[in-house]
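Which chain is which? The protein sequence lines are A and B, in order. Numbering-wise, the first sequence is residues 1131 to 1257 according to the numbering used here. Numbering-wise, the second sequence is residues 1131 to 1257 according to the numbering used here.
Number of protein chains: 2
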Amino acid sequence: MDETSQSRHAVHAYVDSAEQRDWERFGALLAEDVVYEMPQTRERIRGKSAFLQFNMEYPGDWHLRVRRVVADGRHAAAWIDARVGTGHQDACVWFEISDQGLISRIVDYWPEPYDPPSGREHLVERW
Amino acid sequence: MDETSQSRHAVHAYVDSAEQRDWERFGALLAEDVVYEMPQTRERIRGKSAFLQFNMEYPGDWHLRVRRVVADGRHAAAWIDARVGTGHQDACVWFEISDQGLISRIVDYWPEPYDPPSGREHLVERW
């Protein structure tokens, strides 16, 4: 398996094992010194153990589904459909993969809805 | 140039030509029927002409810099550092590339900062 295929496979397995709450499989995808960052809240988690705990403790009956995975060498990005109850949010996640094929860095964005600024109504349609 | 290289090249050229306000080069990267979506505001722009106008009219002295591009066949994603004056925001942009190598679909997210929820202070550091 080449680097790109390995990265693509790791990201699909990351989403799928989290959705399954298969924490053994999830943990096996992560480098020991994995770093997880959420730039919107300026939060960082260091190490597999803390990051596993963060996911295991994450509140709510959340569900994840891959909208798209793009892999390129040791980099990948995932566009994820996340649902909690009737709520829905997309996530954009950036991955770095180690030379052992393990996920070593994750940068996670959770864009929230907002009202469009005025001045571009002549160009856009709303849904 | 293979599909992945073509997609990677198109996305770099998209950011660079927008930053340069080189609208002729920017427009040459786009399919005539390009569709541009901003899911956070549920806005959609159809067609090269309207999308060019949207970019040309976009207010502020904005500047774009690629943080990362991930290309994979006819899909790509760009993680962009956007600045207006002293303000800074990251963007996550998803691309589809036509079989002619033109950008045919763009989905653009602009995640905004927010306060972290409580309950995970034992796992995270702030920056």
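Glycine included, each C-beta is placed from N, C-alpha and C at the ideal position. As the structure is a prediction and not an experimental result, all values here were calculated from the model.
In the DSSP assignment, A/Asp1146 falls within the unbroken alpha helix (DSSP H) covering Glu1133 to Glu1149.
Counting only residues of its own chain and dropping the five nearest sequence neighbours on each side, B/Tyr1188 has no CB closer than 8 Å to any other CB.
Note on the segment 1146-1231 of chain A: whole beta strand (DSSP E) runs with a minimum of 3 residues are 1160-1168, 1173-1176, 1192-1202, 1205-1214 and 1217-1227, in chain order.
Non-local C-beta neighbours of A/Leu1182 in its own chain, meaning closer than 8 Å and more than five positions away in sequence, comprise Trp1153, Phe1156, Gly1157 and Leu1160, ordered along the chain. Residues of chain A whose Cβ lies closer than 8 Å to the Cβ of B/Val1165 do not exist; the shortest such Cβ separation is about 10 Å. When C-alpha distances from B/Val1145 are compared across B/Arg1172, B/Phe1184 and B/Val1223, the shortest belongs to B/Val1223. Look at A/Phe1184: its C-beta is under 8 Å from a C-beta on chain B. Under the 10 Å beta carbon count, B/Pro1247 is surrounded by fewer than 16 other beta carbons and is classified as exposed. At a cut-off of 8 Å, the C-beta of A/Thr1171 has a neighbouring C-beta in chain B. In the structure shown, A/Asp1245 falls within a coil segment according to DSSP collapsed to helix, strand and coil. Looking at A/Asp1245, A/Phe1184 and A/Leu1253, the one whose alpha-carbon comes closest to that of B/Gln1170 is A/Asp1245. Contact with chain A is found for B/Asp1202, since one of that chain's Cβ atoms lies less than 8 Å from the residue's Cβ. Taking the CA atoms as reference points, B/Ala1221 sits about 31 Å from A/Met1131. Contacts with chain B at 8 Å (Cβ-Cβ) do not include A/Ala1161.
The way I'd put it, the segment 1132-1143 of chain B does touch the segment 1205-1215 of chain B; three or more beta-carbon pairs between them come closer than 8 Å. Within the segment 1246-1257 of chain A, Pro1246, Gly1249, Arg1250, Leu1253, Val1254, Glu1255, Arg1256 and Trp1257 place their CB atoms closer than 8 Å to a CB of chain B, listed in sequence order. Not a single CB atom of chain A sits nearer than 8 Å to the CB of B/Trp1192. Across the segment 1230-1241 of chain A, CB contacts with chain B closer than 7 Å involve Tyr1239, Trp1240 and Pro1241, in sequence order along the chain. The bridge partners DSSP lists for B/Val1237 are B/Glu1167 and B/Trp1224. According to DSSP, residue pairing for A/Glu1255 in a beta bridge involves B/Arg1174.
The distance from the Cβ of B/Val1164 to that of B/Ile1233 is about 6 Å, consistent with a contact at the 8 Å cut-off.
Between B/Glu1242 and B/Arg1235, the CB-CB gap reaches or exceeds 8 Å. Within 8 Å of the CB of B/Ala1148, no CB atom of chain A is found; the nearest one sits about 16 Å away.
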